[in-house]
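Below: one structure, written as structure tokens.
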Amino acid sequence: MSQAAQIKSVQFESVPSIEIDYMELDNIIANEFNNDKENLIMILQAIQRRYNFLPRPTLAYLSTKLDVPYSQIYGVATFYSTFSLEPRGRNIISICLGTACHVRGGERVRERIEGALNLCDGETTEDQRFTLETVRCIGCCSLGPVIKINEDMHGHISSDQVEKILDPYE
Amino acid sequence: MKIQSVKDLEQIRQDYSQRLYYPEAVKVNIGMASCGIAAGAKASFDRAIQDIPGGNGISISQTGCLGFCEEEPLVEILGPGKPRVIYKNITEDKILETIQDYNEGNFNKKWILGQMRDPRSFLEDDIENPLANVTPIEGIPFLEEIPFYQKQVKIALRNCGYIDPDSIEEYIAKDGYLGFLRALNEMMPKEIIQQIKASGLRGRGGGGFPAGIKWETCARHNGDRYIICNADEGDPGAYMDRSILEGDPHSVLEGMLIAALGIGSNQGFIYVRNEYPLAVKRLVSAIKAAVKYGLLGDNIAGSDFNFNIKISTGAGAFVCGESTALMASLEGQVGRPRAKYVHTVEKGFRQNPSNLNNVETYANVPAILLKGADNFAKMGTTHSKGTKVFSLVGKIKNTGLVEVPMGISLKDIVFDIGGGVPRKKKFKAVQTGGPSGGCIPEQFLNLGVDFDELTKVGSIMGSGGMIVMDQDTCMVDIARYFLDFLKEESCGQCNPCREGITAMLDILTDICTGNGKEGDIELLEELGMMIQKFSLCGLGTSAPNPVLTTILYFRDEYEAHIKDKKCPSGVCKPLFHYEIDEEACNGCTLCAKRCPEEAITGEKKKLHHLDLEKCIKCGICYDACKFDAILIQ
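So the sequence lines, in the order shown, correspond to chains H and E. Residue numbers for the first sequence follow our numbering, so the first one is 1 and each next one is one higher. Residue numbers for the second sequence follow our numbering, so the first one is 1 and each next one is one higher.
In structure tokens form, the structure reads like this:
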């Protein structure tokens, strides 16, 4: 097992078991999305909104509910970049790395944030305070470089402002 | 109320046209698309709602984006018998003063972008200009006179920034749904398709395939036909579709309705990016309103025509902009493209004939039906008709969305509309077409922009992103950036794309870190041609474009990286360092204050020193220095 894979598996085992409310899940699948397997992506999004990530038991449950092979559900959950199979932090930092942000120094902002939090793309701080994600263009190119923390947009960032911007998010 | 006829529509049009153009009291329109909100429009809106008591008649309303993103938040104020004024950069702290400024008639020039000459869209030439009898403010330019707007012609963006996107009535007031009702009552499906064919409208999503021919082929195949709208705007640096959905969602619904009539379909889908939550919200509200008025659903406008639209959201996969991948994703599957021996117009979504166009294409359709194909075809070049919306971003003064007639030169767009490169830096290239496009150098600035001309110089139109680059942009790094993007987004099915892009990226990363070797450029070219030739879908076949065009036009930069181990633009960190110019430094201390590593020292008004051991090349000093005293070596 490579070192990276080892770290991953350790992280996974340390995931606290969370309680899944299956009644609520049924509600999402049946009422909001009609038990329709074509809505799989949107159902997964709803689950991720609820739990902040995709707990594996919900995927297995979905498989029987929608009569879709687990492999396909796992495939969808890992193919699309918005889904996370691991718990994410209380605050999600999305660094825009669209071309406009890139030419205006988005990469430097990314380096600075990675350095300040000691994180790489897709990782979460130990205290669960931040998860770092990169996105390709949020469409606010006039404000580049842009980062989005939860729903707040921060524009025209230079790398020396990073700490000040992160500070208020607990 | 369900709309049954053109007469019903006309009634709403008259009512709301009156309210839109002749308000009874002062009305404040705040531009609230995502870009405006990010710049602070929501805060301004909330402040205005909270602090302006309803009693004195002032009403606050939201609109879409007027396109001039650089000056956002934009706020338009109009009042009975008074000019319509657009204020710029109106953040929360300025909104109350701005309204006061308008009410008192001071018209503070510093805050004003311009005044409107005529708020009608080109569809409304049957009514009088509501500002015809209003005396304009002296010394304030009309919007059309500002360089940013001067050369623009708005068809797809005709209503963006002029109406409340959540109000179907305001859309109807701007001649909305009239084109559709006429098509429903007076035209045969064949005539509708004929009109689109005659207009010469080509798909605005990237490929530029003639929309009319696509519709015609789809209509020829039997089965449950589907009308699908591609709103998975994945090209980084392009956001015109987002702006249309957020500013004028009904124009897209109407375009889809017309396509459904022409092709013969009862079900539509809009596939929207997950990153555009506001667009989804406005679409949901638009569909609800259209259903309420009987313009969507069963027995539309009293006829036997049924059409429903479902919204599906993507989940962050660039490749899902490709037609077959998009349809797989709509079916709830992994978004992998398939070979197109059988096209989606024959067997697409659920193995049925499916017509896929993008947001901007559909937004053009109602205008074509209302004003006639000839009118549309008059604009543009021989093989590219009408207008195109571009997002002008990157190292450019006037960032924003611009809609211009096809055939206008790159120079007009970048320098006249965009105002050129800021901070007196030198223009280097403009990148079009997103990751599938290429970088166009200065020598082609006179090129007339249309589908074919851009292809000739190795780039493509794509969805309309135009990223301007200046002397501080390293072209090797840009090529590396795009390949890094594509490597992440390649679905991994076919070898040439999956392995080829990775191999090219490895070489480029070596070049950018100082490990480039003689022969790397040739190897990149060879690999690029292989990937172009043998990849399965459009993502792979166009993936090498950013590398091949930068090699073609900026080979010297590649050579500097490989042979001299230098990055002339100061981007690739291992290949340059900063130095302080002894002559230019006047000891202003700004760089020393901002350096996060305390690598710069020096007393006030004395030459500063840079400690290369401590310097992390973050570039803050380079950007901060106003005297060009930080040099890239």
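Just so you know, even glycine gets a beta-carbon here, dropped at the ideal spot from N, CA and C.
- A Cβ-Cβ distance of about 6 Å is found for the pair Cys137 (chain H) and Gly237 (chain E), placing them in contact under the 8 Å criterion.
- Closest by C-alpha distance to Asp232 (chain E), out of E:Arg120, E:Trp215, E:Gly206, E:Ser251, is E:Gly206.
- Taking all protein chains in view, the Cβ of Cys618 (chain E) is crowded by 16 or more other Cβ atoms within 10 Å, so the residue is classified as buried.
- The residues Ile60, in chain order, have a CB closer than 7 Å to that of Ile49 (chain E) in the same chain once the five nearest residues on each side in sequence are set aside.
- In this structure Gly114 (chain E) is not in contact with Ile95 (chain E), their Cβ atoms being roughly 19 Å apart against a cut-off of 8 Å.
- Per DSSP, the continuous beta strand (DSSP E) segment holding Val28 (chain E) begins and ends at 27-31.
- Using a CB distance cut-off of 9 Å, Ala592 (chain E) does not count as an interface residue toward chain H.
- At a cut-off of 9 Å between beta-carbon atoms, Met469 (chain E) makes contact with chain H.
- With contacts defined as CB atoms closer than 9 Å, Gly31 (chain E) and Glu72 (chain E) qualify as a contacting pair.
- Cys585 (chain E) is positioned such that its CB atom lies closer than 9 Å to that of His608 (chain E).
- Val365 (chain E) has its alpha-carbon roughly 20 Å from the corresponding atom of Asp126 (chain E).
- Shown here, Ala584 (chain E) sits in coil according to DSSP, grouped into three states, outside any helix or strand.
- Each of E:Asn545, E:Ile501, E:Leu9 was checked against the Cα of Met475 (chain E), and the nearest Cα belongs to E:Asn545.
- One thing to note: Gly465 (chain E) has its Cβ no nearer than 9 Å to the Cβ of Leu454 (chain E).
- At least 9 Å separates the beta-carbon of Phe349 (chain E) from that of Ile309 (chain E).
- In the structure shown, the three-state DSSP call for Leu85 (chain H) is coil.
- Contact annotation: the stretch 190-204 of chain E touches the stretch 212-221 of chain E, with at least three C-beta pairs closer than 8 Å.
- For His609 (chain E), the beta-bridge partners assigned by DSSP are E:Thr601.
- For Pro405 (chain E), there is no enclosing alpha helix (DSSP H); the enclosing beta strand (DSSP E) covers residues 400-405.
- For Thr382 (chain E), the closest of E:Pro405, E:Ile396, E:Thr324, E:Tyr362 by C-alpha to C-alpha distance is E:Pro405.
- Sequence-ordered contacts of the stretch 53-85 of chain H with chain E read Val68, Gln72, Gly75, Val76, Phe79, Tyr80, Ser81, Thr82, Phe83 [C-beta pairs closer than 8 Å].
- A distance of 9 Å or more separates the beta carbons of Ala183 (chain E) and Gly264 (chain E).
- In chain order, Gly98, Thr99, Ala100, Cys137, Cys141 make up the part of chain H whose C-beta sits under 8 Å from the C-beta of Gly237 (chain E).
- Residues of chain E whose Cβ lies closer than 8 Å to the Cβ of Gly105 (chain H) are, in chain order, Gly619, Asp623.
- Counting only the Cα atoms, Glu151 (chain H) lies some 43 Å from Ile192 (chain E).
- Counting only runs of 3 or more residues that sit fully inside the stretch 527-580 of chain E, the beta strand (DSSP E) segments are 578-580, in chain order.
- Sequence-ordered contacts of the stretch 22-43 of chain H with chain E read Asp36, Lys37, Glu38, Asn39, Leu40, Ile41, Met42, Ile43 [C-beta pairs closer than 9 Å].
- Looking at the DSSP output, Asp304 (chain E) bridges to nothing.
- For Ile616 (chain E), the closest of H:Val135, H:Ser142, H:Gly115 by C-alpha to C-alpha distance is H:Gly115.
- When beta bridges are read from the DSSP output, Ala429 (chain E) appears opposite E:Pro441, E:Met469.
- Per DSSP, Asp152 (chain H) is one residue of the beta strand (DSSP E) stretching across 152-154.
- When DSSP states are grouped into helix, strand and coil, Tyr271 (chain E) belongs to the strand group.
- The beta-carbon of Glu72 (chain E) is placed less than 9 Å from the nearest beta-carbon of chain H.
- Leu62 (chain H) and Ile93 (chain H) do not touch by the CB rule: their CB atoms are close to 29 Å apart, not below 8 Å.
- Taking C-alpha positions only, Thr91 (chain E) is separated from Ala39 (chain E) by approximately 8 Å.
- Sixteen is the threshold: when 16 or more other Cβ atoms of the shown chains lie within 10 Å of the Cβ of Gln333 (chain E), as they do, the residue is buried.
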